Amino acid sequence: MNKTNIFINKIDELKENGLDISIRKLSFNNIEIYILYIQQLTDRDKLSTDIIKPILLNKDCNNISVDKLASSVVYIDNILIDDSENKIIEYILEGKSIIVLSNDNKYIVADTLKIEKRKTMPPQVESTLRGAKDSFNENLDNNLSLIRYRIKDPNLRIDKFIIGKRSKTNVAVVYIKDIVNPKIINDVKKRLSSIAIDGVFESGYIQKFILNNAFDLFPQCGIVERSDTACTNIIDGKICIMVEGISLVLTVPKTFIEFLDASDDHYDSIYISVFSKTLRILSILISITLSSLYVAVVAFHPDILPPKYILAMATGRATVPFNALLEALIMEFVAEVLREASIRLPQQIGPAISIVGAIVIGQAAAAAGLVSSLMVIIVSLSIMTSFAAGDYFMINPIRVLKYIMILLSGVFGILGFTIGFILITINLCSIESFGVSYVAPLSPFNFRDIINFFISDITLSKKRPKFLHTRDKTRQ
Amino acid sequence: MIQRTSKLLISLLISALLLTGCWDYTDINMMCITVSIGVDSIDGNIEFSGEIAKIISPTDVPKEQNQASGVYNLLSYGKTFEEARINYNTINPFPVFLGATRVVVFGENYAKQGIEAYLHRIDSLYDYRKTLLTAVSRERPKELFEKKVEKELSVGFLIEDILTHLEENGQALYPKVGELLSDISFGKIGYLLPYIGIENNSIKYLGMVVMKDSKMVDILKVKDTSGLLYLLSKNPSLVETIPSTNHEGNFLSFRTKIKKRKVKTDYIDEKVIINIDLNLTSELQYQHYMDLLSDQDIKKYEAIISKRVRNSVISIIEKSQKDFKCDIFRFAKIFKGQHPKIYEQIDWKEAFPNAEINVDVKTKIVNTTLSDTTAKKKY
Numbered sequence: 001m002n003k004t005n006i007f008i009n010k011i012d013e014l015k016e017n018g019l020d021i022s023i024r025k026l027s028f029n030n031i032e033i034y035i036l037y038i039q040q041l042t043d044r045d046k047l048s049t050d051i052i053k054p055i056l057l058n059k060d061c062n063n064i065s066v067d068k069l070a071s072s073v074v075y076i077d078n079i080l081i082d083d084s085e086n087k088i089i090e091y092i093l094e095g096k097s098i099i100v101l102s103n104d105n106k107y108i109v110a111d112t113l114k115i116e117k118r119k120t121m122p123p124q125v126e127s128t129l130r131g132a133k134d135s136f137n138e139n140l141d142n143n144l145s146l147i148r149y150r151i152k153d154p155n156l157r158i159d160k161f162i163i164g165k166r167s168k169t170n171v172a173v174v175y176i177k178d179i180v181n182p183k184i185i186n187d188v189k190k191r192l193s194s195i196a197i198d199g200v201f202e203s204g205y206i207q208k209f210i211l212n213n214a215f216d217l218f219p220q221c222g223i224v225e226r227s228d229t230a231c232t233n234i235i236d237g238k239i240c241i242m243v244e245g246i247s248l249v250l251t252v253p254k255t256f257i258e259f260l261d262a263s264d265d266h267y268d269s270i271y272i273s274v275f276s277k278t279l280r281i282l283s284i285l286i287s288i289t290l291s292s293l294y295v296a297v298v299a300f301h302p303d304i305l306p307p308k309y310i311l312a313m314a315t316g317r318a319t320v321p322f323n324a325l326l327e328a329l330i331m332e333f334v335a336e337v338l339r340e341a342s343i344r345l346p347q348q349i350g351p352a353i354s355i356v357g358a359i360v361i362g363q364a365a366a367a368a369g370l371v372s373s374l375m376v377i378i379v380s381l382s383i384m385t386s387f388a389a390g391d392y393f394m395i396n397p398i399r400v401l402k403y404i405m406i407l408l409s410g411v412f413g414i415l416g417f418t419i420g421f422i423l424i425t426i427n428l429c430s431i432e433s434f435g436v437s438y439v440a441p442l443s444p445f446n447f448r449d450i451i452n453f454f455i456s457d458i459t460l461s462k463k464r465p466k467f468l469h470t471r472d473k474t475r476q
Numbered sequence: 001m002i003q004r005t006s007k008l009l010i011s012l013l014i015s016a017l018l019l020t021g022c023w024d025y026t027d028i029n030m031m032c033i034t035v036s037i038g039v040d041s042i043d044g045n046i047e048f049s050g051e052i053a054k055i056i057s058p059t060d061v062p063k064e065q066n067q068a069s070g071v072y073n074l075l076s077y078g079k080t081f082e083e084a085r086i087n088y089n090t091i092n093p094f095p096v097f098l099g100a101t102r103v104v105v106f107g108e109n110y111a112k113q114g115i116e117a118y119l120h121r122i123d124s125l126y127d128y129r130k131t132l133l134t135a136v137s138r139e140r141p142k143e144l145f146e147k148k149v150e151k152e153l154s155v156g157f158l159i160e161d162i163l164t165h166l167e168e169n170g171q172a173l174y175p176k177v178g179e180l181l182s183d184i185s186f187g188k189i190g191y192l193l194p195y196i197g198i199e200n201n202s203i204k205y206l207g208m209v210v211m212k213d214s215k216m217v218d219i220l221k222v223k224d225t226s227g228l229l230y231l232l233s234k235n236p237s238l239v240e241t242i243p244s245t246n247h248e249g250n251f252l253s254f255r256t257k258i259k260k261r262k263v264k265t266d267y268i269d270e271k272v273i274i275n276i277d278l279n280l281t282s283e284l285q286y287q288h289y290m291d292l293l294s295d296q297d298i299k300k301y302e303a304i305i306s307k308r309v310r311n312s313v314i315s316i317i318e319k320s321q322k323d324f325k326c327d328i329f330r331f332a333k334i335f336k337g338q339h340p341k342i343y344e345q346i347d348w349k350e351a352f353p354n355a356e357i358n359v360d361v362k363t364k365i366v367n368t369t370l371s372d373t374t375a376k377k378k379y
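In structure tokens form, the structure reads like this:
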């Protein structure tokens, strides 16, 4: 059977199966030309001016063929010729236009994809004072262009994967070939290739698949929204994983202390950087431990405080009907509810929740004697300090750990507090992010990397972090 | 692997549960927070008095009163400490919490009978702080605690604050229970406690009490304690007012501090010899009438201060040797450190009163309030 006839049959089949495929039929000296496309995915101006118009204006109608159309008629830059009948539907769903001739057993695939995309907007999650403001959006090509525009190295590699049996999502792995540790890149590629899922609509899906253990509490992938941060990571020897349709990019590997880093630290003076890093470390510690220490001290060990503090604390709790453990749990719960509510609400209503929260918790509850003023201060401080972590995604584990610590302290006092702290440390030490210890450079210990982390000064950090084991170890 | 980890976790939790546990849980506001304790002996009975913090909600406090907590007094009697304790436990709404206690005041009666038993009690009760201040009161502790104070939250805090600032300024000693217990366990030496009382309707530091075998044997008034402070205070800082050698009626006020204190002991011809070298620095604070000081004047004043300090030190040492017959300066500890074998062979209680004690005091005036001593020559 003539293959073109198969294509014609296929077109008839497509007409009937409700895929919402548009078919434009052109006739030429008994030759019929079919153009198949999906209106919503196609740049129709391009289709008219670069495909239909040249074909109709073509005067040499006698020897028209697929090859001739592709080589001397159609204006589209990105075209290919195929003869696989089964692939037609795939091409069309990808947003390409198919040109079928009734006298040829091949067809043209022309890239006329057009999707609505956001403009490059300032970052929403990863805010900065001095860093670049162009953040990634949902368009993969746009995101890749932002990387290519900043890194013009010929060794920049973009390996593409298609993940999702049904969604067919494009995933790009971006790295610099002569910097990145080959073991890590091979590992990443291997893990990506092994993903078998029907659809990918968030980089979080990919993150879960490529991580070692779904039960790990701490994030092991960096999540980057800004293109300059992504480029810094790539230059450092890390790997960026970009997912089509998602504005957040994954970077691997990522260690614990890197979550305490902020891009502004690298632009400010050394003193400010050391101060900010110390502040963030203390903030995380305070956020995890403050409420639990309060419970342990009030309920078990008030004598560790100076006498006047003991009196102030006891006085503050004079009318509180709950014990310290319950008081801490209730207050933390209310604060978390407020936080959760303000995150999910539209921006216009968010401030209203904050006002209600401040009045209800800060004033009414303390004035009614339901909670002590000290507890209000502690919970507020605990919430505020959790926001001080350099990376937003480090906040969530802190929220969970806080409750565990409160419960342990409420049951076992300072002993429980210590046990909780040790367990957290053990957990941190046992995590690996793509073969890199999560607590590097503290373990394995590397003094130079620790100093570089604190000072964050590009002029003094002449070498790349040792724990990444990059091919090219020197920056300058 | 998971099984091993969970076994480890379970055993950790069980051991933690056994070591402590929910049954220890008591919120601080559900305890009687004792701020101060008084111990006295009245008609053969032990009298426990003291102050317990009154836990009032801040909202219940009248506006004119800017503090939320006050105190109420406790009082109980018993033949023994335990009986007295049971008696006051029976009237308290909550268990007693001693972790916030700042001062233990002994009545004179009880101090004369001996305070060692109560010091051991403090040592054995785990919630007492070992940095607790101890003092002896001229009045019954009960009367002392009934005194209304406006300067502090309570009498206990007031006593602590008075002694803290005096100790910081080198004008009194602040003996903590831990130090007293160390002295008692060392044996053969005495110690000193602050002496307080009510004067002009106010609580006042009156001097020091000499304790021999943990029993009160004498009282030293404030003016007689300067020699003691030069020997025992961490940073003595005493003002010596010297009459001017040039102009009658003028006085010079010197703040004198210790730069170096060296005690060297020896044992020669079966006699303990203690050499004390005190290097002092003195600052001229002011003169009653401004007068120029020459280098000779300064040397003269240095000699006067040295002599005065030496006399005060020798006076108190002689008193301790002849009157108290007790080493209250902890010389025994120094001697034992320097001559451990000899110390084992001698009886310090007998050796100390006969010891030869040499005191050498050198003073250097380091600041003359910028008076230019060569001004006359220059201009």
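The listed protein sequences derive, respectively, from chains G and L.
Numbering-wise (full-length UniProt numbering), the first sequence opens with residue 1 and increments by one.
Numbering-wise (full-length UniProt numbering), the second sequence opens with residue 1 and increments by one.
The beta carbon of each residue, even a glycine, is placed where N, CA and C say it ideally should be.
Note that the coordinates shown come from a computational prediction; the quantities given were computed from them, not determined experimentally.
How would you label residue i, buried or exposed, when you count the other beta carbons within 10 angstroms and need 16 or more for buried?
i                      : result
G:Ser121               : Here residue 121 of chain G turns out to be Met, not Ser, going by the sequence shown. Flag for G:Met121 reads exposed.
L:Asn66                : In this prediction, L:Asn66 scores a pLDDT of 45, lower than 50, which makes its location untrustworthy; no coordinate-derived value is stated.
G:Phe215               : exposed
L:Glu47                : buried
G:Ser194               : exposed
G:Gly131               : buried
G:Val400               : exposed
L:Thr131               : exposed
residue 406 of chain L : Absent from the model: residue 406 of chain L. The displayed extent of chain L is 1 to 379, so no value can be given.
residue 489 of chain G : Since the first and last residues shown for chain G are 1 and 476, residue 489 of chain G lies out of range.
G:Asp449               : buried
G:Leu460               : exposed
G:Asp104               : buried
L:Gly187               : exposed
L:Phe106               : buried
With DSSP collapsed to three states, give me the class of residue i.
i        : result
G:Thr248 : In the sequence on display, residue 248 of chain G carries Leu and not Thr. G:Leu248 falls in the coil class under three-state DSSP.
L:Cys326 : coil
L:Asn31  : According to the sequence provided, residue 31 of chain L is Met. The question's Asn does not apply to it. DSSP places L:Met31 in coil when its eight states are reduced to three.
L:Tyr25  : coil
L:Met216 : strand
G:Ser461 : coil
L:Ile334 : helix
G:Ala110 : strand
G:Arg475 : coil
G:Phe259 : helix
G:Val274 : helix
L:Leu280 : strand
G:Arg118 : coil
Could you check where the beta strand (DSSP E) with residue i kicks off and where it finishes?
i        : result
L:Pro194 : Tyr191 to Glu199
G:Pro302 : G:Pro302 -> no beta strand (DSSP E), and no H or E assigned at all.
G:Arg157 : Leu156 to Ile163
L:Pro243 : Ser237 to Pro243
L:Leu252 : Phe251 to Ile268
G:Tyr34  : Ile31 to Tyr37
Looking at the unbroken alpha helix (DSSP H) that takes in residue i, where does it start and where does it end?
i                      : result
L:Ser202               : Run containing L:Ser202: none in the alpha helix (DSSP H); it sits in the beta strand (DSSP E), Ser202 to Lys212.
residue 556 of chain G : A query on residue 556 of chain G cannot be resolved here, the shown segment of chain G reaching from 1 to 476 and no further.
G:Cys429               : Ile414 to Ser430
L:Leu228               : Ser226 to Leu232
G:Glu336               : Ala324 to Arg344
L:Glu302               : Asp295 to Lys319
Any contact of the stretch 276-293 of chain G with the stretch 239-248 of chain G, i.e. 3+ C-beta pairs under 8 Å?
no
Could I get the ranges of all uninterrupted beta strand (DSSP E) runs contained in the stretch 62-150 of chain L, with 3 residues as the minimum, in chain order?
70-78, 103-107 and 133-137
Within the stretch 348-418 of chain G, note down every full alpha helix (DSSP H) run reaching 4 residues or more, in order along the chain.
350-357, 373-387 and 395-412
What ranges does the alpha helix (DSSP H) occupy inside the stretch 150-183 of chain L, keeping only unbroken runs of at least 4 residues that lie completely in it?
155-168
Flag this pair as touching only if the stretch 136-150 of chain L and the stretch 82-93 of chain L have three or more C-beta atom pairs under 8 Å; answer yes or no.
no
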